[in-house]
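**Student:** Let me begin by handing over the structure; questions about it come next.
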Amino acid sequence: MDWFIAEWEPWYGPDGAGDAAADLAACRGHDDLPVCLVAVDGQGDVLGTAALKDESVGSERADGPWLAALLVGEAFRGKGVGTVLVAAIEDEARRLGFDEIFCSADASAPILERRGWEAFAATESLRGTISIYRLSGLLEQSCT
3 MDWFIAEWEP WYGPDGAGDA AADLAACRGH DDLPVCLVAV DGQGDVLGTA
53 ALKDESVGSE RADGPWLAAL LVGEAFRGKG VGTVLVAAIE DEARRLGFDE
103 IFCSADASAP ILERRGWEAF AATESLRGTI SIYRLSGLLE QSCT
């Protein structure tokens with residue numbers, strides 16, 4: 003939870019409207035959204051998270067589901083953890099029967115672009131303007 007507060011301080015910090023504990027608790031689903039995936043190493047240490055949710059920043063631009071809460075611990079960034087989490091969310095969306103998913107992104111944009119996501123709009127976040135991405139044709143693709 004501390005990672006979420008530190009990464010998205012304008013939303014989860016003391017002056018923000020968000021509740022990190024409640025958001026994380028809501029992501030315990032398996033067959034319904036929201037679903038949260040957690041990357042852990044061989045010792046059980048958390049490396050990062052990603053969620054598939056009904057809405058996120060930019061939801062006014064497209065009906066979900068949305069890849070959200072993509073966060074990799076600072077010590078693990080640049081080591082492929084984010085890419086693995088995005089691929090896992092794509093697989094999860096496919097498993098749940100979604101053919102298209104969306105994501106509003108700033109720092110994670112290069113991962114999405116390498117995986118074939120398309121930027122199609124922009125929106126304002128508490129940290130400024132960010133791009134909105136879409137990945138279509140999930141049900142036509144095999145799991146990665």
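Numbering-wise, the sequence shown is residues 3 to 146 according to our numbering. Even for Gly, the Cβ is constructed at its ideal location relative to N, Cα and C. Keep in mind that this is a model prediction, so the values were computed, not measured.
Just confirm the distance between the C-beta atoms of Val-42 and Ala-53, as a whole number of angstroms; I'd bet it's less than 8 Å.
**Tutor:** Incorrect: roughly 16 Å between the Cβ atoms, too far for contact.
**Student:** Under a Cβ-count criterion, where at least 16 other Cβ atoms within 10 Å of its own Cβ denotes burial, should Glu-120 be classed as buried or exposed?
**Tutor:** With fewer than 16 other Cβ atoms within 10 Å, it is exposed.
**Student:** By DSSP, does Arg-97 sit in helix, in strand, or in coil?
**Tutor:** In this structure, Arg-97 counts as helix in the three-state DSSP scheme.
**Student:** Within a Cβ cutoff of 8 Å, which residues of the same chain sit near Gly-111, ignoring the five residues on either side of it in sequence?
**Tutor:** The identity of residue 111 in the sequence shown is Ala, whereas the question assumes Gly. Correct list, in chain order: Ala-121, Ser-133 and Tyr-135.
**Student:** Which residue's Cα is closest to the Cα of Asp-101: Leu-87, Ser-58, Glu-142 and Gly-118?
**Tutor:** Selected option, being the one with the closest Cα: Glu-142.
**Student:** Evaluate Glu-94 with the Cβ neighbour count: other Cβ atoms within 10 Å of its Cβ, from every protein chain shown; 16 or more gives buried, anything less gives exposed.
**Tutor:** That one is buried.
**Student:** Tell me which residue opens and which closes the alpha helix (DSSP H) that Leu-141 is part of.
**Tutor:** Careful: Leu-141 lies outside any alpha helix (DSSP H) and carries neither H nor E.
**Student:** Go to Glu-115, then tell me how far its alpha helix (DSSP H) extends in each direction, as first and last residue.
**Tutor:** Taken as a continuous stretch (DSSP letters only), the alpha helix (DSSP H) holding Glu-115 covers 111-116.
**Student:** May I have the straight-line CA-CA distance separating Gly-118 from Pro-16, to the nearest angstrom?
**Tutor:** Cα-Cα distance, rounded: 37 Å.
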